[in-house]
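Protein chains in written order, with this note's numbering: chain Z, 1053 to 1399; chain W, 1053 to 1399.
There are 2 protein chains.
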Amino acid sequence: MVSIKDVAGASGLSVATVSRALNGHPSVSDGARERVLAAVESLGYRPNVVARSLRTDRTGTIGLVISDVLNPYFTELARSVEEEARALGYSVIIGNADERSDLEDHHVRGLLERRIDGLLVSPADGRSPMTLEAAAGPTPVVFVDRWIPGADAPVVRADGRRAIRDLVDHLHALGRRRIAVITGPAATTTGRERIDAFREALSAHGIPLPEDYIGRGDFQAESGRLATERFLDLPEPPDTVFATDNLMALGALDAIAARGLRVPDDIGLAAFDDIPWFTHTDPPITTIAQPTAELGRVAVRALAALIAGEPVASTVLPAHLVVRRSCGEAATPPQTDRAATGGAARE
Amino acid sequence: MVSIKDVAGASGLSVATVSRALNGHPSVSDGARERVLAAVESLGYRPNVVARSLRTDRTGTIGLVISDVLNPYFTELARSVEEEARALGYSVIIGNADERSDLEDHHVRGLLERRIDGLLVSPADGRSPMTLEAAAGPTPVVFVDRWIPGADAPVVRADGRRAIRDLVDHLHALGRRRIAVITGPAATTTGRERIDAFREALSAHGIPLPEDYIGRGDFQAESGRLATERFLDLPEPPDTVFATDNLMALGALDAIAARGLRVPDDIGLAAFDDIPWFTHTDPPITTIAQPTAELGRVAVRALAALIAGEPVASTVLPAHLVVRRSCGEAATPPQTDRAATGGAARE
DNA sequence: TCCCCACATGTAATCGTTTTCATGGGACGT
DNA sequence: ACGTCCCATGAAAACGATTACATGTGGGGA
């Protein structure tokens, strides 16, 4: 590999001058700069980022550890993170934890050893020691979507409580009374928030939530299918199922279709996270949409600020209900669809 | 940050011995090893991969540049690549080219500067100079899914020709005769292969393919929608649309739904790439499935072999037709989960 | 007893940059 | 004409690891 020394040799200058020329240092003569560029061109020199990072202690890279790459919600998040990071001059290394805390550990450790400038993580659960260590350590960390209570790092997330209340109002208005829910892992903040908000909203309407109507899922499709089957086997099955993420909703749809039941006539279905496919399922699915891309952008900006040494506060963006047809005929066609990220609350 | 020197100091040994102890070098006494590990533990030492890479000229990282992270096909590919790479001791840095060759260029350049050990790329089109340069350069490169003819790198891909023939046979058997196609960019190998094979299969049945029945897409949803609208505006619209990837099929579905038409009665739809959602659309979509995960695994193994200096040949795996209901009655009607949209008018 | 070798360890060079410090030579003000 | 300052440049020291080479020590074979 051709190094800066070769460029120095070819241009008859010292490595110091070459380095300065390449980094836009002001005190380099035009002549020198030209000779350097010519040598770079003819030798095909490409700076060694590894060496540079060692010297400068900056890698120009941020890490992103997400819970599941196959989940469209997280791919959208990853995409917006990469986009914003690129705009800010950073590269992104993505680690997929697959909802496993050992994998999360593995990736966080690897990223820290790689000396990334900052870390964005959506913790699978609170059980990854490395994640806690990272949050406590010198590398800037920002939690996105999920977080670990007590860990010392800003959080960028969406608040679904209000939207869940809206959803339950909607279901109530449609006459739904036997509403079951498929939760995420109790160890995740989003898992807890969604079931808590749901329970609260139900009780506001005086609707009970029997233990049988709570399916314990893991945010992946198969768990949604299993939970739904169990619901359908009940002596008094629910008239509506609320899956607290998009993959579990997919699993629920599977289970429902396998029994030859129809949505929404035989059973209603609502989901969390809006994804393009929900428009095309049979029927289109009523769901709660997060401002996913915005979440990613805000998180990256927060991380960049942290890296720059600026103080950073947590951010909460609102999620909102998107009514389609999977719970019955829409009462009113409000169609608040998308772009509604109006007021961002700051903590 | 605590470095190997601190560990050496704390354990009363030299950096050389510490390094050896940490890397499992045989000639290190048990006593020394223990003292090193104790010091590592108490100091919270974490090796600096950047420094190691500089010295060893190995980063333990491979790059993966894909065309579109939002495309489920590529996320599945990315996932299997990461999995296999991890098993082989590599980390993966993913770059999203978003079907833009300038972004592809950007990522390939960044990855090379980062001195990745090897590069997996699915070129957006042949127009990225960096990709060509990379294939010609010293860093091992393997093309996956798509490739650049003439570039000197092994290719791991699926062959869709046979499956496309099967699809056309299927359509023909169902009486479909006015079949339109939405192609990918002519600059991509997959784009060309699919339209070529399709054209060939049609002519084997004596079915014409008028120019009007060819929609030029870019593998993204919006282009599928536009192409389909144009088809539907034709004086004699097609009775079937074949979208050559899953996102364009989604767009086609959009356009069809927007006109209140029903699939497959009013118009048939077939796709390329199988994804979980195709089971849940209305109706489930007949498509051509690639062995996506296997593709990722094979590609990583090929790259690892290349890195190890072993000779590597290109690999072609077969794709196959998956018949569902979007083109008309399935050959084998196993279950009665139809019923659904009985006579209900839509929209 | 002596020699040789293997073993455990240390010293120092090295990887490719950036950056501090030193230096020489104009340009400019007086 | 002289001192001052700045500007362009170079030499060399880092950064944190790995590793070739050197060194001392102890054990085993002759």
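Don't be surprised by glycine CBs; every beta carbon is placed ideally from N, CA and C.
CB-CB length for residue i against residue j, believed under 8 Å
i              : j              : result
residue 1072/Z : residue 1059/Z : Incorrect: roughly 12 Å between the Cβ atoms, too far for contact.
residue 1347/W : residue 1203/W : Actually they are not in contact, since the Cβ atoms of residue 1347/W and residue 1203/W sit about 18 Å apart, beyond 8 Å.
residue 1330/W : residue 1299/W : In fact, because the Cβ distance is near 12 Å, the residues do not count as touching under 8 Å.
residue 1070/Z : residue 1054/Z : Between residue 1054/Z and residue 1070/Z the Cβ distance is about 12 Å, and since that is not below 8 Å, they are no contact.
residue 1099/Z : residue 1165/W : 6 Å
C-beta neighbour in chain Z for residue i, strict 8 Å
i              : result
residue 1385/W : Only weak support exists for where residue 1385/W lies, its pLDDT of 43 falling under 50; the value from the coordinates is given anyway. So no, residue 1385/W is outside the interface.
residue 1101/W : yes
residue 1343/W : no
residue 1083/W : no
residue 1072/W : no
residue 1334/W : yes
residue 1339/W : no
residue 1274/W : no
residue 1167/W : yes
residue 1063/W : no
residue 1134/W : yes
residue 1328/W : yes
residue 1127/W : yes
residue 1131/W : yes
residue 1111/W : yes
residue 1171/W : no
residue 1162/W : yes
CB of residue i within 8 Å of CB of residue j, strictly
i              : j              : result
residue 1065/Z : residue 1084/Z : yes
residue 1325/W : residue 1239/W : no
residue 1206/Z : residue 1371/Z : no
residue 1127/Z : residue 1169/Z : no
residue 1199/Z : residue 1175/Z : yes
residue 1345/Z : residue 1132/Z : yes
residue 1172/Z : residue 1243/Z : no
residue 1102/Z : residue 1349/W : no
residue 1327/W : residue 1097/W : no
residue 1252/Z : residue 1212/Z : no
residue 1029/W : residue 1241/W : Absent from the structure is residue 1029/W, since the part of chain W shown begins at 1053 and ends at 1399.
residue 1120/Z : residue 1156/Z : no
residue 1215/Z : residue 1373/Z : yes
residue 1295/Z : residue 1312/Z : no
residue 1117/W : residue 1367/W : no
residue 1106/Z : residue 1074/W : no
residue 1257/Z : residue 1222/Z : no
residue 1153/W : residue 1180/W : yes
residue 1095/Z : residue 1062/Z : yes
Chain W contact for residue i (CB, 8 Å cutoff)
i              : result
residue 1122/Z : yes
residue 1391/Z : Unreliable placement is indicated for residue 1391/Z, whose pLDDT of 37 sits below 50; the coordinate value is still reported in the next sentence. No, no contact with chain W.
residue 1106/Z : yes
residue 1148/Z : yes
residue 1057/Z : no
residue 1137/Z : no
residue 1400/Z : The requested residue 1400/Z does not occur in the structure, where chain Z is confined to residues 1053 to 1399.
residue 1145/Z : yes
residue 1183/Z : no
residue 1199/Z : no
residue 1098/Z : yes
residue 1305/Z : yes
residue 1302/Z : yes
Any non-hydrogen atom of the ligand NAD within 7 Å of residue i CB
i              : result
residue 1363/Z : The ligand NAD is not part of this structure, which contains no ligands at all.
Cβ contact (3+ pairs, closer than 8 Å) linking the stretch 1217–1232 of chain W and the stretch 1285–1293 of chain W
Yes: at least three Cβ pairs fall under 8 Å.
Report yes or no: do the stretch 1360–1378 of chain Z and the stretch 1325–1341 of chain Z share at least 3 C-beta pairs separated by less than 8 Å?
yes
Evaluate the contact criterion for the stretch 1266–1282 of chain W versus the stretch 1295–1304 of chain W: three or more CB pairs, one atom per stretch, below 8 Å.
yes
Under 8 Å, with one C-beta from each stretch per pair, do the stretch 1147–1160 of chain W and the stretch 1156–1174 of chain Z reach the 3-pair mark?
no
When the Cβ atoms of the stretch 1355–1368 of chain Z are set against those of the stretch 1190–1199 of chain Z, are three or more pairs found closer than 8 Å?
yes
Unbroken stretches of the beta strand (DSSP E), 3 residues or longer, contained in the stretch 1226–1294 of chain W
1231–1235 and 1266–1268
Pick out the complete beta strand (DSSP E) segments inside the stretch 1148–1195 of chain Z, 3 residues or longer, and give them in chain order.
1170–1173
Ignoring anything shorter than 3 residues, give me the beta strand (DSSP E) runs that lie fully in the stretch 1085–1131 of chain Z, in order along the chain.
1113–1118
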